[in-house]
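Engineer: Numbering (the working numbering), first residue to last: 1025 to 1354.
In this text, a Cβ means the ideal position worked out from N, Cα and C, and glycines have one as well.
Please read through the structure below; I'll follow up with questions.
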């Protein structure tokens, strides 16, 4: 629909046209009997209506913007209130999380975020005085220094330390990961079946202290059975059945050389103990270098592996926390 103003069509909405027609006065008579309208007045009215509409739209937009700001402020205040509640109170799920929750005790805060380094291998590679293989040998010898088998054979704690350290020298040359073609493993070269019998399999593969403890116990068992250290050493090497069969050290060249070499190492260490079963500095420099290279390499690898497990536990714990927080709407 169009209004003809100065012979130019101007489109308007039907409602607007009705409003215009209702407010425009028409002269009683004009030239040639054709009624005319006030074009300028109509144009001004349309412009004013457009301006009014724009102002109303702008006012609506401004009101919506202000309401949006108010809504955001309310959300922020609510979030702050919830934060204050969490900071000043105890959430229902915090005790569960501190204890590990569904993730288990391995992921408890006291384990994952321990103040002290709780890695079981830290004492062998960290600190001012890392534990050496020689110290671990001494600890084991002192632990069993009053064993009944020693008393029975007339061997004191210092002498046992010398015998035991000599055995480790012969068996593995102080190498934690030493492995024989017959699957004997570790500092004291214990085979898997014997390790199972001693209750240290498979843990002894990752723990030099268990290797030493198992070796000491097995040696003392043979000493208790045969009554002398040479026979106990022969049984350690060839098996107790062979010693029983031959009524002494078996006629095996390997076993005979084994007993002779360990006896020689015993004399070497006995001269360096100064009467103390826990003495240190008794290894030859070359043996000390080999021992500590083995110790640091083994402890470093296991320390890294344990640290990876701890990081995995921390990530699992964090995921559990996030899931719990999301479920509470906090």
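What are the partner residues of residue 1214, as DSSP defines its beta bridges?
Structural biologist: Partner(s): 1209.
Engineer: Within the same chain, show all residues whose beta-carbon is closer than 7 angstroms to that of residue 1324, passing over the 5 residues directly before and after it, in chain order.
Structural biologist: These residues qualify, in order along the chain: 1149.
Engineer: Exposed or buried, what is residue 1336 when buried is set at 16 or more other beta-carbons lying within 10 Å of its beta-carbon?
Structural biologist: Its Cβ having fewer than 16 others within 10 Å, residue 1336 is exposed.
Engineer: Would the beta-carbon of residue 1157 fall within 9 angstroms of that of residue 1200?
Structural biologist: Yes, these two residues count as a Cβ contact at 9 angstroms.
Engineer: Near residue 1214, what residues of its chain come up, given a Cβ to Cβ distance below 8 angstroms and the 5 sequence neighbours on each side ignored?
Structural biologist: If we look at residue 1214 and ignore the five residues flanking it on each side, its Cβ neighbours are 1208, 1222, 1224, 1228, 1235, 1238, 1239, 1242.
Engineer: I'd like to know if the stretch 1272 to 1289 and the stretch 1250 to 1263 are in contact, where contact means that at least 3 CB-CB pairs between them fall below 8 angstroms.
Structural biologist: Output reads yes: the stretch 1250 to 1263 touches the stretch 1272 to 1289.
Engineer: Please list, in chain order, all residues of the same chain as residue 1088 whose beta carbon is under 6 angstroms from its beta carbon, the five residues on each side excluded.
Structural biologist: Around residue 1088: no qualifying Cβ.
Engineer: Beta-carbon separation of residue 1251 and residue 1177 under 9 angstroms?
Structural biologist: Closer than 9 angstroms, so yes.
Engineer: Taking all protein chains shown into account, decide if residue 1191 is buried (16 or more other Cβ within 10 angstroms of its Cβ) or exposed.
Structural biologist: Result: buried.
Engineer: Can you list, in chain order, the residues of its chain whose CB lies under 6 angstroms from that of residue 1312, leaving out five sequence neighbours each side?
Structural biologist: Within the same chain, residue 1312 has no close Cβ partners at all.
Engineer: For residue 1193 versus residue 1345, is the C-beta distance shorter than 9 angstroms?
Structural biologist: Not a contact, by the Cβ cut-off of 9 angstroms.
Engineer: Within 10 Å of its beta-carbon, does residue 1322 have 16 or more other beta-carbons around it, so buried, or fewer, so exposed?
Structural biologist: When all chains shown are included, residue 1322 counts as buried.
Engineer: Tell me, please, which residues DSSP counts as bridged to residue 1193.
Structural biologist: Paired residue(s): none; residue 1193 is not in a bridge.
Engineer: Could you tell me which uninterrupted alpha helix (DSSP H) segments, each at least 4 residues in length, are contained entirely in the stretch 1229 to 1276, listed from first to last along the chain?
Structural biologist: Complete alpha helix (DSSP H) runs here, min 4: 1232 to 1250, 1253 to 1262, 1264 to 1270.
Engineer: Using the Cβ count rule (16 or more neighbours within 10 Å means buried), how would you classify residue 1170?
Structural biologist: Residue 1170 is exposed by the Cβ-count criterion.
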